[in-house]
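Keeping their order, the protein sequence lines are chains A and B. All the letters of the first sequence, read from the start, carry residue numbers 28 to 427 under my numbering. All the letters of the second sequence, read from the start, carry residue numbers 28 to 427 under my numbering.
Protein chains: 2
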Amino acid sequence: MKFTKPFQVPADEIEKRTRKIQAELARNNIDGVFIVQRTDLFYFSGTAQNGFLYIPVEGAPLLFIKQYLPRARSESSITEIIGIRSIKDIPGLIRDFHGQLPAVLGFELDVLPVNDFQFYKKLFKTTSHVDASGLILKIRQVKSEWEIEQMEVTAQMTSLTFEYMKSVIRPGITEMEFSGMFEAFARTIGQGGKLRVRNYQTEGYPWHVLSGKTGALPGLLDSPASGKGTSAAFPVGASHKKLCRNEPIMVDMGSVLNGYHMDETRMFAIESMPEKAIKACRACIEIHNAVLEKARPGVTLGRLFDLSVKMAEQLGYAENYLGVPGHRVTFIGHGIGLELIEAPFIARNREDCLETGMVFALEPKMVFENEFPAGIESVFQVTDKGARLISKVPVGIFVC
Amino acid sequence: MKFTKPFQVPADEIEKRTRKIQAELARNNIDGVFIVQRTDLFYFSGTAQNGFLYIPVEGAPLLFIKQYLPRARSESSITEIIGIRSIKDIPGLIRDFHGQLPAVLGFELDVLPVNDFQFYKKLFKTTSHVDASGLILKIRQVKSEWEIEQMEVTAQMTSLTFEYMKSVIRPGITEMEFSGMFEAFARTIGQGGKLRVRNYQTEGYPWHVLSGKTGALPGLLDSPASGKGTSAAFPVGASHKKLCRNEPIMVDMGSVLNGYHMDETRMFAIESMPEKAIKACRACIEIHNAVLEKARPGVTLGRLFDLSVKMAEQLGYAENYLGVPGHRVTFIGHGIGLELIEAPFIARNREDCLETGMVFALEPKMVFENEFPAGIESVFQVTDKGARLISKVPVGIFVC
């Protein structure tokens, strides 16, 4: 089974997204938004070519393409697609089309580097410049039915990849080698490329294989365990340590197809796993299932987090839940979609509520210092009736 | 042969780099630099853990670690390593140690997002805030002997990976599948993780396999050819197209070991390649060799670029060199080191000169629209006597 058929974002998706951002712009007295970042550009235009998208609070969006026009035209349903030689042409083209430049112009200030922003500020001289990233992320965090369908397909692909892992895991191969094997497989069935992350310091990669003692190492990541990595230069994820029999092996795999990500974790063992580890993994699954049970529209994100902590305590894992003492993380899940990690976060003290259409990667995890990591991660959508798993990987421990 | 032995940046490297940036700070009347970006942090401290590095114009650098202290301590030779609970503690800790806060503080404004910078500006209230990224990149672009040695080891690894490609390339596998095969191999011998790039819009990935007609597609990249990619969401690099006999296949592989990158391109063919393509590949090799011949300290980067264009014209490739008409790139090479693509660029009109210790990826390429891409890419260092190849992949066309 392969997942490689041609793909296009439907025109009505782009229209709905455009109307949503225009409503947000109106509500916030912003006259337009200038979209530069690749994922946002793809979200609002359907193309990821080298371009810039201007969405006015009213009227037609203008897509400016810097390099090769034909591909953008074939990919995007935006009506006004304009080839440009230089980005300096853009303000004039906006004025030509819309009669005026926006007085208040929004930018993606959560990702735009300072020097780039200085350049854009000079380019749009007549406007005041505000942060529109919050509005963009707010819209993106609620997925349409079409988007959920895309994520279902990614989930089918990753489910096959986890099946493949079971068939090839063996003692003596390194964590990196194992990751190469399943990634090579994923590419044969459709794996779509690079995992996209928003924050400039976050490094998305699909080889987060953490085995045994070094797998439990805390470190760089804002995650219960960081793993050993390959060197001080890349001190996270899979290392050149060999996989052994009877040790807990955590595989946390990010994946992407047609722009839509999955992020899923399962515990593996070769032949067997110590009883202590099996119990911990089962406790994580219990917490995972309990959170899913309680996740429905109107519940605050902070309450789901607290529930999970309380349950971990009751199960006897207060010392291990979400990291080693002094280095615990304060979240158990994150939004996911066109980026591997998106808003919102199922985190301590978060008072915002779950909404129908939100999609989360839920990852209750534990760390036993100098012993092993344990946990599970699945992607679920929030429906009117409650949580529904998008992930299709069986919920369990894989002893191979 | 494996390249997985433990690795640490020597203390005297860190000291030399510190002295260099301090001299630049003094020359520019900046009292200190606050380093946040991971690659710069690793360059100046030897650790890539979650931290912040303050280097004053005089005196000891302070490394603040936000999460797990023991790993930073074991990796970095910096003397003053301080664990912090919150980044808000940093200004007080600087004042405690150095007696005062810097009046003028430098930041990495080429990468720091606007919202992050606003936060840092509020944190360091008593200072004025300037861009220090140019100074950092200027220092990083000249490599030490130790750094060249690291790149030599990466080059040994990639040379074996190209050998492996020859042994497994075959008709009927897709570009993505082929890329998965050689990447899995690379991970068994030492491949160190994610390719690091500086610009927030640049996506480094090691599966740039461009075959035949779709391989010649221009698009998103500031590169002669972008390839087809897997979908509109990721429209660059390898696609799910199958490799065929008798077609030109370009493999442009970025690679990394212990933080140091290689970026190398070779043309492959299965059984044979059309005569027209062979001639074009040979022309690229001629240009590549001629540029290497002329590359020595004191020559301007722009002159090397011009030389290559002139040669391409003389060889009859004016229409194809560096891209299709209307979409040509204006560079033939880029710095490389801790990032896959670094300053400076061998580009049109660049009047800065080559210096001993600079390292470049040189990539004269051609595009035959609707037919195929052609080209070569090698990494070389600038020595007092001229260019010296670091790349160890044989210079030639690989017909397998």
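We put the beta carbon where it would ideally sit given N, CA and C, even for glycine.
By DSSP, does residue i sit in helix, in strand, or in coil?
i      : result
B/Q408 : strand
B/V356 : coil
B/R330 : helix
B/D116 : helix
A/T3   : Nothing in the structure corresponds to residue 3 of chain A, since chain A is present only between 28 and 427.
A/T380 : Correcting the residue type first, residue 380 of chain A is Cys in the shown sequence and not Thr. Three-state result, A/C380: strand.
A/M300 : coil
B/Y147 : helix
A/G217 : coil
A/T241 : helix
A/D290 : strand
B/I92  : strand
A/Y70  : helix
B/P371 : strand
B/T106 : coil
B/D123 : helix
A/Y191 : helix
A/D249 : coil
A/R415 : strand
B/P140 : strand
A/A99  : helix
B/R266 : The amino acid occupying residue 266 of chain B in the given sequence is Ser; Arg does not appear at that position. Three-state result, B/S266: coil.
For residue i, decide whether its Cβ has a neighbour in chain A, counting only Cβ atoms nearer than 8 Å.
i      : result
B/Y232 : yes
B/R122 : no
B/V406 : no
B/V138 : yes
B/V65  : Note on residue identity: the sequence assigns Arg, not Val, to residue 65 of chain B. Chain A contact via Cβ: present.
B/H267 : yes
B/V236 : no
B/R44  : no
B/K221 : yes
B/S206 : yes
B/P198 : no
B/H361 : no
B/R98  : yes
Round the Cβ separation of residue i and residue j to the nearest angstrom and send it over; I've been treating them as touching at under 8 Å.
i      : j      : result
B/M294 : B/I424 : 5 Å
B/G360 : B/E390 : 6 Å
B/L237 : B/M203 : Not a contact, Cβ separation roughly 12 Å.
B/G325 : B/F69  : Going by Cβ atoms, the distance from B/G325 to B/F69 rounds to 31 Å, so no, they are not a contact pair.
B/R272 : B/G329 : At roughly 41 Å, the Cβ-Cβ gap does not stay under 8 Å, so B/R272 and B/G329 are not in contact.
A/I297 : A/C427 : 6 Å
A/L244 : A/G254 : 6 Å
B/L136 : B/F144 : 7 Å
Quick one: does residue i have its CB under 8 Å from some CB of chain B?
i      : result
A/I214 : The question names Ile, but residue 214 of chain A in the sequence shown is Arg. At least one chain B Cβ lies under 8 Å of A/R214.
A/Q183 : no
A/L247 : yes
A/H315 : no
A/D116 : no
A/T188 : no
A/Y227 : yes
A/G158 : The sequence shown places Asp at residue 158 of chain A, rather than the Gly named in the question. It does: the Cβ of A/D158 has a partner Cβ on chain B nearer than 8 Å.
A/K165 : no
A/Y95  : yes
A/V3   : Outside the shown range of chain A, which is 28 to 427, sits residue 3 of chain A, and nothing can be said about it.
A/E302 : no
A/S258 : yes
A/N285 : yes
Give me the Cα-Cα distance between residue i and residue j, rounded to the nearest whole angstrom.
i      : j      : result
A/R323 : A/P371 : 15 Å
B/K43  : B/Q183 : 27 Å
A/A339 : A/L349 : 9 Å
A/F407 : A/N55  : 31 Å
A/G161 : A/L331 : 23 Å
B/Q35  : B/G364 : 16 Å
B/D411 : B/T383 : 6 Å
A/T215 : B/Q228 : 27 Å
B/A99  : B/I108 : 8 Å
B/T181 : A/H267 : 16 Å
B/K392 : A/G219 : 26 Å
A/G256 : B/P97  : 15 Å
Next item on the list: Jot down the residue ranges of each uninterrupted beta strand (DSSP E) in the segment 149 to 213 of chain B, minimum 3 residues, whole runs only, in chain order.
Entry: Taking only runs of at least 3 residues, the beta strand (DSSP E) segments lying wholly in the segment 149 to 213 of chain B are 155 to 158.
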